[in-house]
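Protein chains in written order, with the numbering used here: chain P, 1 to 352; chain D, 353 to 893.
Heads up, the thing below is written out as C-alpha cells.
Written out as C-alpha cells, the structure reads:
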C-alpha cells in the first residue's frame, strides 16, 4: 500500500443551518493523501460549509465523513475538531491577534520542550520564507505574510488533511501567483490530503490534481482539471470552469449538426436532443475566403495573450471566440467560423 | 447568522440566565409589591401632598443636568476629536475623570463654597433644582463625552468632510452631517446621564431638590413602609424605561448608519496658538468645576477633620463591596456576552434582560431586594408554622449578600458592554483555528479567549468598582446594621450639616476611584488609537 491509498471519504454529507434548503445537500467527495483537490463552485454553493464539516466545525445532519477506517462524522457521531488532525487555512486567516507569527505557528505543536516547539515552528516559517517576520504580531504583517503564517500554522502539526478556504481571495493578482507557488511547494512537501476551496477556476486549474465541482450543495462532477475543462458533464459544470458556447442540436448518424459545422456525438441515438459545448478557443476564426459559417466581428477586446472576439452570425446569434492576440482581426471584419471537432463536447440535452 | 455548533456546545447560556434573573427579579418584586394591598390609597394621598413637588423637581433636575451634559459632552468631544491644540492628548482622557467624583461630593464642595459666609459667598448659593442639575451635569457629562468622541473621530468625521466637499460651511456640515451620524452615540450617553440623575439621592437631598428618588427613600425611611416606597419606585422605573426605549430607538438607527465604510483616523485641524489656548481653557473648565474645585474645597475642609475608627472600617467596607461587586459583575457581563455569542434566542433574551439593569435606579433595586426578602420571609414563616407552629426563628435581612445582589442588578449591565466588545475580538474563526490545531474547548478558552479578554474584563470590573464605590441610596437601604461605607457616613454627616466631617469620606471616595478611572479613560482612548492604526495600516497596503 502506498501513501496515495490513505483516503478521506465524504459520503452524502448534508448540513442544514435551518429547516428548509440544505447548505450541503448529499455531497460526495474523496480526498487522497499527497494530492490537492480543489472544490470549485460559485459563492453560496456550500463549499465552505462542506469544508467546515470536514474540519469538525459543523455537525453533519446526514451522511458520513471517514478518514481511513475511522468515522469522523455521521449522524450521532462527531469527533471533536481537535482530534481530527485537520489543518485549516481560514479565509480571513484567523491568526491569533495576541501571538506573534512564531507563537501562532507553534500553537498546534504538542510535546517536547517549549524551545523545541519554537524551533520546529521556525522551520515552518523558514519554509514559507517568513523567518524575518517571526516576531511580528498579525496586525504588523501584510496580507500576503498573514496568509503564509496561516499556512505555516496549519501545516506545523503535520496534519493528515489540509483544508484551505479561499486562501488567496484577499490578495492582489501578482501576490496571488507568487503565493500559489509557495503554497504548492509547501503542500507537496507534506503528505496530507489537501482540499482547496475556491470560486476561481484559474486557481483551481493552477493548483489542483483533481477538481470537484460544487453547485447548490452537491458535488456535480469530479475529475482531472483538463478532463473537466474539455468534457464537462453538464452545462453548469462547463460554466464553472470558464466561458462556453452552447448549440442545441439533434443527433443524426452519431453526428450533431451546429451552425458552425458537425460535431461527433458517439453513443447518442438518432434523434436524441443534445447540447454541443464549445470553448471559445476551440472556435476557429478564418478569413472570409475560407470554410465555415459567415459572421461579422462586432466586438474585439485584447486580453492577456489572447484576443476575445464577439462575432455575429447571419441569423443574428452572437458567438464568442478566442484567438491568439497576434491574429489580425478587426472590428467589422467578415470572418468564417468553424468548430475544432476534437475539442467539442456533446452532452444530452437533459443534462444541460 | 447561523448558530455555530462549537459555540453552542462550548458556552452554556445558564450563567447569562442568572445575570438576567439577578437584574429582573428585583424589578418584578417591586412591581408585585407596588400593586399589592390597597395600593392606590398612598399615591392619592401623596398626589395631594408632595408628589407634584417630587415630579417637578425630577423634571427640572433632569432637564438641567441632561442639557448641560449634552452641551458639554458633545461640544468638548467635537473639539478634542477634530482639532489639534496644546494638551489635546491629555484632555482626551482628562475630560472623563469627573466620573470618579460622586455627585454628592461635588454638591457638598460647591454648597460649602457658595453658602453665605463661604469663600465664594458672593456667588449665588448652589442649591435647589437648578444647583443640583448643574452639579449632576458637571459630574455626569463624561458619559456623553466618551461616546460622542468615539463617534466624532470615526464615521461622523467622514460625513463632515463629505459635506464640506459638497459645499457646506463648517457649521452647516457639523449640524447636518456630523451630528446626525453621532446622534445614536450621543443619545446613549445622554440616556446614561438621565438614568444616573434619576437614581441620584445624595446631591439632590443635600441641595434641597427632592426628586422621586428622595421621595422613595423618605417613604421607606420616614414611614417605614416598603410597599409605599415600591409604589414610587415603580413610577421611577416607568420614567427610566421611557428613556431607555427612546435610546434603543436611536440605537436601531445606529446599526443602519454604521454598516459601511472603513474606519480611519480623521485628520485633526491644527488650531492657531491663541485659539488653541482658548480650546485648552475650554477643556480645562469642566474638569476644574466638576472635580478640582469641589474636591479641593473638601480636601481643605477635611484637613481639620479627625480620622476616626469608623472611617477606617467604612473605607474597608466600601472597597470590599466594590471589589466583590466589580468581579461578579465582570463575570456576569462576560456570561451575557458569551450568551449573545451562542446566537441562540434564549442567550439573546438573557443578555437583553440583563442589559435592562442600567435603567433601574439603585434605590429601586434595593427596594426590590427588600421585597424579595420579605416574600421569602413570609414563605418561611408559613412553612415553619405548618411544620412546627410559630414563626420562622430567623429574620431574613440578607446582609452583604443582599447588598451585592442589588448592586449587580443595577451594574451588571454596565459590564456587558465592555465584556461584549472584548469578546468581539475573539471571532468564531479563531475558535475554529484553535480547535483544528488540536486545542480542546477548555484549552481554547484558556489560550485564546482569556489573553484576548482579560483587559476588557478588567475594564468592566473597574467600571463597576467605581460605580459601587460612589453608590449611596441602595447601600443606605440595604446595609446591615452597623455596617457603614464611605458614601453612607459622608451622607450622614452632611445631612447633619457637619460638612467638615463629611468632607474626608467624600474625598476618600474620589481618591480611591480616581486611579481606576484614569486607567479606564486612558484605555478607552488608546484602544481607539490602536484600532485606527490597525485599519489605517491595512488601508495603506
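All residues carry an ideal CB built from backbone N, CA and C; glycine is no exception.
Query, Result
"Interface flag, residue 770(D) vs chain P, CB-CB below 8 Å", "no"
"Stretch pair the region 820-835 of chain D + the region 710-722 of chain D: three plus CB contacts closer than 8 Å", "yes"
"Close Cβ partners of residue 889(D) (< 8 Å) along its chain, the five nearest in sequence each way excluded", "Only weak support is given to the placement of residue 889(D): the predicted model assigns it a pLDDT of 40, under 50, and the question is left unresolved by the model."
"Beta carbon proximity, residue 863(D) to chain P, threshold 8 Å", "no"
"Contacts that residue 92(P) makes with chain D (C-beta to C-beta distance below 7 Å)", "781"
"Closer than 8 Å to chain D by CB, residue 88(P)", "yes"
"Neighbourhood of residue 300(P) by C-beta distance below 6 Å, restricted to the same chain and skipping five residues each side", "309 and 331"
"Nonlocal neighbours in the same chain, by C-beta distance under 6 Å from residue 841(D), ignoring five residues either side", "666 and 857"
"CB contact below 8 Å: residue 111(P) versus chain D", "no"
"Distance between residue 177(P) and residue 142(P) (C-alpha atoms, nearest Å)", "16 Å"
"Local conformation of residue 331(P) per DSSP, three classes", "coil"
"Nearest residue (CA-CA) to residue 238(P), options 260(P), 272(P), 205(P) and 278(P)", "278(P)"
"Proximity to residue 293(P) [Cα-Cα], best of 236(P), 316(P) and 184(P)", "316(P)"
"8 Å Cβ cutoff, residue 581(D) in contact with chain P", "no"
"Exposure of residue 740(D), with buried meaning 16 or more beta-carbon neighbours within 10 Å", "exposed"
"Whole-angstrom distance between residue 205(P) and residue 231(P), CA atom to CA atom", "14 Å"
"The region 686-702 of chain D / the region 513-527 of chain D touching (three or more Cβ pairs under 8 Å)", "no"
"CB contact below 8 Å: residue 878(D) versus chain P", "no"
"Close Cβ partners of residue 145(P) (< 7 Å) along its chain, the five nearest in sequence each way excluded", "130 and 133"
"Chain D contact residues for residue 98(P), given Cβ-Cβ distances below 7 Å", "803 and 804"
"Own chain, CB closer than 8 Å to residue 382(D), minus 5 neighbours either side, in chain order", "582, 585, 586, 589, 716, 719, 720 and 723"
"C-beta neighbour in chain P for residue 612(D), strict 8 Å", "Caution applies to residue 612(D), whose pLDDT of 40 falls short of 50 and renders its modelled position unreliable; the value that the coordinates give is listed next. With 8 Å as the cut-off, residue 612(D) does not count as an interface residue toward chain P."
"Minimum Cβ-Cβ distance from residue 82(P) to chain D less than 8 Å", "yes"
"Residue span of the beta strand (DSSP E) that contains residue 197(P), given as start and end", "193-198"
"Within 8 Å of chain P by C-beta, residues of the region 680-703 of chain D in sequence order", "none"
"Within chain P, partners of residue 875(D) - CB distance below 9 Å", "Near residue 875(D) there are no residues of chain P at all, since even the closest Cβ is about 16 Å away, more than 9 Å."
"Beta-bridge partners of residue 345(P), as assigned by DSSP", "277(P)"
"Chain D contacts from the region 149-164 of chain P (Cβ-Cβ distance under 9 Å)", "150, 153, 154, 156, 157, 159 and 163"
"8 Å Cβ cutoff met for residue 378(D) and residue 761(D)", "yes"
"Inside the region 212-275 of chain P only - beta strand (DSSP E) runs reaching at least 3 residues", "218-223, 245-252, 255-258 and 261-264"
"Members of the region 798-828 of chain D near chain P, C-beta cut-off 8 Å", "799, 800, 803 and 804"
"Which listed residue (59(P), 55(P) and 343(P)) has its alpha carbon closest to that of residue 67(P)", "55(P)"
"Cβ contact check for the region 652-671 of chain D and the region 726-741 of chain D: 3 or more pairs under 8 Å", "no"
"Own chain, CB closer than 7 Å to residue 312(P), minus 5 neighbours either side, in chain order", "295, 296, 298 and 318"
"Extent of the continuous alpha helix (DSSP H) run through residue 410(D)", "403-434"
"Residues in the region 121-137 of chain P having any Cβ partner in chain D nearer than 9 Å", "none"
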